[in-house]
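These notes concern the structure reproduced below.
Protein chains: 2
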Amino acid sequence: MRTLKHPSREEIQLTDVFHALSDPTRLAIVQNLGDAHEQSCSGLNIPMAKSTLSHHLKVLRDAGLTHTRVEGTHRLMSLRREDLDARFPGLMDVVLRTAPVS
Amino acid sequence: MRTLKHPSREEIQLTDVFHALSDPTRLAIVQNLGDAHEQSCSGLNIPMAKSTLSHHLKVLRDAGLTHTRVEGTHRLMSLRREDLDARFPGLMDVVLRTAPVS
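Residue numbers (my numbering), protein chains in the order written: chain A, 280 to 381; chain G, 280 to 381.
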């Protein structure tokens with residue numbers, strides 16, 4: 280099975296997390312994922328070219344915000360809530376309870 | 280007295296705040312300001328060309344993170360803690376209690 284590279288918990292940097300969240304689409308993806316289980320790309324319901332969406336998902340993954348599991352032809356995303364709460368307690372609470380970007 | 284433009288509380292956007300905080304120097308400035316009173320540029324103790332520092336301070340001001348008061352030839356900065364707490368409760372607590380960027 281192909282696996283994707285993810286930073287370890289200790290490697291997650293606050294400035295990288297802020298950069299990833301500074302884009303309205305990426306912030307919306309994180310808010311959509313929320314505390315839900317895994318979601319597929321189509322489940323995110325973001326109307327956007329696949330290549331653009333893939334870029335945003337890579338930025339989120341590289342920053343340590345999301346985990347992507349490859350299952351066959353599907354990619355299943357989830358928020359790394361436990362890692363983020365351990366690194367920056369309270370941050371995800373703020374992000375998820377702020378009204379989604381309009 | 281010359282006054283600088285600042286966004287109103289309602290105009291402060293979460294993505295702009297995250298963009299401003301995604302740079303290690305700007306994050307350090309915000310953490311230096313903390314809950315302190317006003318600080319001058321020199322008080323920030325950031326070893327950097329004045330023009331570069333001015334740029335960073337403008338990004339912070341435009342995002343609504345800081346307020347700059349012009350007094351003669353001095354500029355005095357402060358964190359807009361009350362506005363930020365009203366817009367994004369808990370965010371500044373997280374930012375200020377996270378260990379400064381090394």
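Every residue gets a Cβ at the ideal spot worked out from N, C-alpha and C, and that includes glycine.
Selected residue, minimal CA-CA separation from Arg360/G, among Thr282/G, His346/G and Lys329/G: To locate residue 360/G, count along the second sequence from 1; it is residue 81. When only C-alpha atoms are compared, the closest one is His346/G.
Residues of chain G with CB closer than 7 Å to the CB of Pro303/A, please, in chain order. Counted from its first residue, the first sequence places residue 303/A at position 24. The answer, in chain order, is Thr294.
Along the chain, where does the beta strand (DSSP E) containing Arg348/A start, and where does it finish? Your numbering for residue 348/A matches position 69 in the first sequence. Thr345 to Glu350 is the extent of the beta strand (DSSP E) around Arg348/A.
Please decide whether His334/A counts as near chain G, where near means a Cβ-Cβ distance under 8 Å. Your numbering for residue 334/A matches position 55 in the first sequence. For His334/A, the answer is no, since every Cβ of chain G falls outside 8 Å of its Cβ.
Looking only at its own chain, which residues have a Cβ that is under 8 Å from the Cβ of Arg376/A, when we skip the five neighbours before and after it? Numbered from its first residue, the first sequence carries residue 376/A at position 97. Closer than 8 Å at the Cβ level, and outside the excluded window around Arg376/A, lies no residue.
Less than 8 Å between CB atoms is the rule here; does Gly369/A satisfy it with respect to chain G? Along the first sequence, read from residue 1 onward, the residue named residue 369/A stands at position 90. Taking Cβ atoms only, chain G reaches closer than 8 Å to Gly369/A, which makes this a yes.
Locate the alpha helix (DSSP H) running through Arg354/A, then write down its first and last residues. Taking the first sequence and counting its residues from 1, the one referred to as residue 354/A is at position 75. Here Arg354/A belongs to no alpha helix (DSSP H); instead the beta strand (DSSP E) covers His353 to Leu358.
In chain A, what lies closer than 7 Å to Leu323/G by C-beta? What you label residue 323/G is simply residue 44 of the second sequence in a count that begins at 1. In chain order: nothing, as chain A lies at least about 18 Å away.
Closer than 7 Å, Cβ to Cβ, to anything on chain G: give me those residues from the stretch 343-363 of chain A, in chain order. none
When the distance is taken between beta carbons, is Arg366/G closer than 8 Å to Ser319/G? Along the second sequence, read from residue 1 onward, the residue named residue 319/G stands at position 40. Along the second sequence, read from residue 1 onward, the residue named residue 366/G stands at position 87. No.
In or out: Val349/A buried (at least 16 other Cβ within 10 Å) or exposed? Walking along the first sequence from the start, residue 349/A turns up at place 70. Exposed, since its Cβ has fewer than 16 Cβ neighbours within 10 Å.
Reference His335/G, options Ala307/G, Thr282/G, Pro368/G and Val373/G, closest by Cα: Within the second sequence, numbered from 1, the residue matching residue 335/G stands at position 56. Measuring from the Cα of His335/G, the nearest candidate turns out to be Ala307/G.
Give me the chain G residues within the contact set of Asp372/A, using Cβ-Cβ distance strictly less than 9 Å, ordered along the chain. Locating residue 372/A in the first sequence gives position 93, counting from the first residue. Correct list: Gly369 and Val373.
Same chain, Cβ closer than 6 Å to Ala342/G, five either side skipped, listed in chain order: In the second sequence, residue 342/G corresponds to position 63, counting from 1. Around Ala342/G: Asp295, Val296 and Ala299.
What is the rounded straight-line gap between the Cα of Met356/G and the Cα of Leu344/G? Locating residue 356/G in the second sequence gives position 77, counting from the first residue. Locating residue 344/G in the second sequence gives position 65, counting from the first residue. The straight-line gap from Cα to Cα measures roughly 10 Å.
So what does DSSP say about Gln292/A, is it helix, strand or coil? Within the first sequence, the letter at position 13 stands for residue 292/A. Coil, per DSSP.
From what residue to what residue does the alpha helix (DSSP H) around Gly322/A run? Position 43 of the first sequence, counted from the start, is the residue given in the question as residue 322/A. Note, Gly322/A: alpha helix (DSSP H), Cys320 to Leu323.
Keeping to the same chain, check which residues put their C-beta closer than 7 Å to that of Arg288/G; ignore five residues upstream and five downstream. By one-based count along the second sequence, residue 288/G stands at place 9. Hits under 7 Å: Asp362, Ala365 and Arg366.
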